[in-house]
Amino acid sequence: MGNLISFFSVFLFITFNLLLFYYAFIDKLNSFSPKIKSISIGFLLTLVSIFLTTVLHRINMFDVLEHKLFDYRMEVRGYLSGDLSLDPIPKVSENFEDSNKNGKYDFGENFEDLGNGIWDKNELFEDSNKNGKYDFGENFEDLGNEKFDNGLNVVLVEIDDESYRLIDESYPFPRGRVYARAIRNLSKSGAKVIFFDIMFDKPDHQSETIIKEFGNNISNFIHGDEEMKNAILYARENGTEIILGSKVAEEPTRIPPFYYLEATDKLMEANPLSATVGVPTDIDGVNRKYLVYQKIPDDETWYISPAIKAVSSFLDINYDVSSIKEDRIKGIITFFDKTDTTKKIVINTYGENYNVFKLNYYGPASGAKSGIQDTRFKTFNRYPLSNIIDDSSYNLDPIYEDTNWMDQFLPGILPDYILAIEDLEQRKLMMDMLGIGTNDLTKSPFYNKIVVVGTALPEDQDTKVTPFYNVLNKQILMPGMEVHATAIQQIIDKNYITFFNKNISYNKSGLYLGFFDIVDFLIILSLGLITFLIFTFTNPIISGILVFFSILGWFIFSIGIFVDNQFWFLKYFLTDFLLLPPEFNKSIFMPIIFPISSIILTYAFNLGYKLITEGQDKAFLKASFGSYISPQLIDQMYESKQAPSLGGIEGHNTPFFSDIASFSTFSEKLSAEDLVILLNEYLNEMTNILLNNKGTLDKYIGDAIIAFFGAPVMLKNQEYLACLTCCQMNEKLEELRTKWKSQGDRWPSIVHNMRHRIGVNCGSVVTGNMGSDMRMNYTMMGDTVNVTARLESGAKQYGIETQVGEKVFLATKNDFVYRIIDYAIVKGRTQPSRTYELIAMKGKESQIYKKLLPLWDNAIKNYYNQNWDKAIKLFNECEKFEEEYIGRPTNPSLLYIERCKEFKEYPPGKDWNGSYKLKSK
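Those letters in the sequence shown? Residues 0 to 920, by numbering that gives the first Met the number 0.
Below, the structure is given as structure tokens:
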């Protein structure tokens, strides 16, 4: 809670100051171009996200997720040993030829290359059920790996359910009859180190009970602690080091409250080693780290952990306080031998306190059932305590289960099943093969091993949650003794996990500076800035894709360098993909959560700002243009960043004018209310067509529609869209006429026969917000606009509905059907221009026009060649195919017949260019 309060206090303070900074410079930002302003604010938001990520990491808000992803890494990596490992470490050391007699394998010496005990992908197998794949239990060829394997150096001896059942003693077991016997037998069978993960801080319970009951004067009575002390002395004389558990205890009422608690004075008389058995947990209760040493407040003594003491005894490294070197910059603690500094134990520490290292678990709990044919994981070799004390001088209960199991590993002792072999030659062969009854202790599973003795009974509540807690859809707790075994084996193998930033949590490393850890901060800063650059210089879709793949790439990379295989994810897609465990000391931890958080927060902050400003900009565009253009065109304006500018801008546009023919007559025939209803229906349908084709509505003037294409958003096919609009409007008007006729007397006949005229032209036009400061209108101006108005009004003279300019014809002649109408000088102009009637989209013209158009082209040709009589004859033929409808004052054929007669009487002369000056608009 304190961390949260601190975080939000700092965050609110920084945010408040950033807002002050923003508003202090908002005027200056507004004076910049929109792009620079957007980048500046985006960069400011990026700094906020970087700071926020750093603060969240600083108060350890990401720890739980990062810890879970550490567990996921372990799951992906798989097991380093045991029957389910893809490349398991052998349980026993391979035999080798010790050429230099130094007692250890040296590179180049010959060795026995044994298999790993499980089927591997390239090994042959006996396919008993003929299914083409190896199944558990089938025979296989167990090949070696072509390298010397030292095997696992740790063996577990467990107080398990079997021991509790077979050892006929009260629990806790008596030290004389059980633990002293176990020490002697393990030492005799060649154990190098025996560590008890058990506290013997109080006198032997059974002995104390006897003394309390019968007093001290009991003949031949030996206290359990005395027997165990003697066993420890025997083991040490036999070359076996004994380590007893101790702990840093706390009693709040005691002064001082912390103190060091070890085995009883009687046991310590044998001078065994003593080691603190406490194992720390992470914030989520999982055991992922191991103590190198513990300290008591106000006490500089280092209380060393069992793993360090066990390994130092195993490797014959005799250290003292003066020979321990701690390098906090590199995160290394080195235990040097007092007399030979070439002999040493190097611990790669982890975390801020420098006294722990990360556990690199070799697999799940050894005794847990794997779920595959009732097998167990067997991460370490494990034996019940009942087996260890089961020799010829001790009877298990029931007696029929007493096999004297331990005798086979005790020198000079022959088990009953060996004595049962009557053939002495066969008996000798069996003894030689098993190493029984001889001094060849190398066949013992405890020979030259570190034996960890502890409890696996659930009721003793010494179980731990590890990264392999959830395995094969099961929840598996690990006995605390096996956590120590893991640490011991890890130190011997030098199989440490390298941390890029020394810690999962926030860490004050040697590069710590003020509030920030430099290594962590540089990761956050670099990823935040990269995300900002991606977002700033790519569109939202591309940036979203790149950010997604950045997150995915970082995740894959981080897991990949831990498992030492960047293609690890293929195991989820390819069933035969073999992901072998990494070699020792090859796993590197690269953080995932806070780097990805830097990416996500930077992207989210910038995206949020973009969405807000987009909403504001679109709202502005909609307010400015919503009544003129379609919503799709507003979106296109925003996407193309073509924001409207105050005043006019000149460009290539296509003006559009339409008007209802003889509308003044409508006013006489209809009431004002009906006129409004009729006009609204007509304008609504026509405007929808206009906007759907990306046209911009300029204004309505009575029944007239004034519009244009190509502004405020430039359209490459604006002429096509304008002509398409004309055709669709003509088709829609035909539908409306049919509808109005079907309504009977609702509308007079003039409505049933409503016609409109349309003019379309293209060229240079000025568009923009024009008017006064108090009232503006987005409109158009220019000569092209005036010509378009003349084309619309001039269509009446020819009796046509749609008239377009020559530039529109040239731009769309491949898409629409036209006929040339005139080469005329409109009223108010001096230069002639060609005009055309837009008939229909190609392929949609009527059969009448298919007959009319060839005749028309021939007639016009004779007209321009001044063959007046032939032209009149041809125009008369054309007139037969001209559409007739009520209200059509004339048609182009009739107009040209009259014009031919006029020119026949008053010839235009030989220099005539074919133009005609119109007498009215």
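No residue lacks a Cβ here, since even glycine has one placed at the ideal position from N, Cα and C. In this text the structure is predicted, and so the values were computed from the model without any measurement.
Residue i - containing beta strand (DSSP E), residue span
i: Arg887; result: Run containing Arg887: none; DSSP gives neither H nor E here.
i: Pro712; result: The question names Pro, but residue 712 is Val in the sequence shown. Element bounds for Val712: n/a, residue is neither H nor E.
i: Asn768; result: Gly762 to Gly770
i: Pro590; result: Pro590 -> no beta strand (DSSP E), and no H or E assigned at all.
i: Glu836; result: Ser832 to Met840
i: Gly804; result: Thr801 to Gly804
i: Ile757; result: His755 to Val759
i: Thr333; result: Ile331 to Phe335
i: Asp673; result: Asp673 -> not in any beta strand (DSSP E); alpha helix (DSSP H) instead, spanning Ala671 to Asn691.
i: Asn347; result: Lys343 to Asn347
i: Asp821; result: Phe815 to Ile824
i: Ala269; result: Premise fails: Ala269 is in no beta strand (DSSP E) and is neither H nor E.
i: Ile700; result: Thr695 to Ile700
Closest Cα partner of residue i within the set the options
i: Pro363; options: Ser80, Trp301 and Asn857; result: Ser80
i: Lys924; options: Asn776, Leu917, Val63 and Tyr863; result: With the chain represented from 0 up to 920, any question about residue 924 goes unanswered, as that position is not in the structure.
i: Gly150; options: Ser206, Gln796 and Asp86; result: Asp86
i: Ser48; options: Ser525, Phe313 and Ser392; result: Ser525
i: Ser186; options: Leu852, Lys493, Phe445 and Tyr797; result: Phe445
i: Leu720; options: Ile688, Gln742 and Val750; result: Ile688
i: Tyr884; options: Arg736, Asn752 and Phe379; result: Asn752
i: Phe583; options: Asn359, Ser597 and Ser443; result: Asn359
i: Asp200; options: His222, Pro173 and Lys246; result: Lys246
i: Lys715; options: Gln727, Lys860 and Lys693; result: Lys693
i: Asn472; options: Phe313, Leu55 and Gly370; result: Gly370
i: Asp492; options: Leu272, Val153, Thr787 and Lys850; result: Val153
i: Val450; options: Met477, Thr465, Gln488 and Tyr416; result: Gln488
i: Ile388; options: Ser312, Arg375, Leu409 and Asp336; result: Leu409
i: Leu38; options: Val750, Ser914, Gly743 and Phe604; result: In the sequence under discussion, the amino acid at residue 38 is Ile, which differs from the Leu named in the question. Ranking Val750, Ser914, Gly743 and Phe604 by Cα distance to Ile38 puts Phe604 first.
i: Gly411; options: Ile209, Pro202, Ala262 and Asp390; result: Asp390
Other residues of its chain near residue i: CB distance less than 6 Å, five sequence neighbours each side excluded
i: Thr801; result: Cys725, Ile757 and Leu837
i: Asp396; result: Asp167
i: Ser938; result: A query on residue 938 cannot be resolved here, the shown segment of the chain reaching from 0 to 920 and no further.
i: Asp281; result: His66 and Arg287
i: Val765; result: Gly647, Glu649, Met780 and Gly781
Residue i, buried or exposed, once every other Cβ within 10 Å from all chains shown has been counted against 16
i: Thr695; result: buried
i: Phe531; result: buried
i: Leu565; result: Residue identity check: residue 565 is Gln in the sequence provided, not Leu. So Gln565 ends up on the exposed side.
i: Asp315; result: exposed
i: Gly908; result: exposed
i: Glu268; result: exposed
i: Gly552; result: exposed
i: Trp911; result: exposed
i: Ala419; result: exposed
The alpha helix (DSSP H) enclosing residue i, as first and last residue numbers
i: Phe964; result: The requested residue 964 does not occur in the structure, where the chain is confined to residues 0 to 920.
i: Asn861; result: Gln846 to Tyr863
i: His483; result: Gly479 to Asp492
i: Glu582; result: Element bounds for Glu582: n/a, residue is neither H nor E.
i: Pro907; result: Taken as a continuous stretch (DSSP letters only), Pro907 belongs to no alpha helix (DSSP H), as it is neither H nor E.
i: Asp868; result: Trp867 to Glu878
i: Leu232; result: Gly223 to Glu236
i: Thr787; result: Asp782 to Tyr797
i: Phe554; result: Pro539 to Val562
i: Leu521; result: Ile517 to Phe536
Other residues of its chain near residue i: CB distance less than 7 Å, five sequence neighbours each side excluded
i: Arg754; result: Ala660, Glu800 and Gly886
i: Glu684; result: Lys731 and Leu735
i: Phe467; result: Met73, Tyr360, Gly362, Pro363 and Ile475
Close-in-space but distant-in-sequence residues of the same chain around residue i (CB under 8 Å, 5 per side omitted)
i: Asp297; result: Pro255
i: Gly1; result: Note on Gly1: pLDDT 48, under 50, position unreliable in the model; no value is reported.
i: Val291; result: Ile303, Ser304, Ile307, Ile332, Ile346, Thr348, Asn354, Val355 and Phe356
i: Ser30; result: Low local confidence applies: a pLDDT of 49 at Ser30 is under 50, so the model's placement there is unreliable, and no value is given.
i: Tyr817; result: Val803, Phe808, Tyr835, Glu836, Leu837 and Ile838
i: Glu882; result: Ile847 and Asn890
i: Asn183; result: Looking at the sequence shown, residue 183 is not Asn but Arg. Contacts found: Ala230, Tyr233 and Ala234.
i: Val320; result: Trp301
i: Thr787; result: Pro654, Phe655, Phe656, Gly758, Val759, Asn760 and Gly804
**OP:** Report yes or no: do the stretch 184-199 and the stretch 234-245 share at least 3 C-beta pairs separated by less than 8 Å?
**Re:** yes
Original post:
If we count Cβ pairs, one from each stretch, closer than 8 Å, do we get three or more for the stretch 60-77 versus the stretch 588-595?
Top reply: yes
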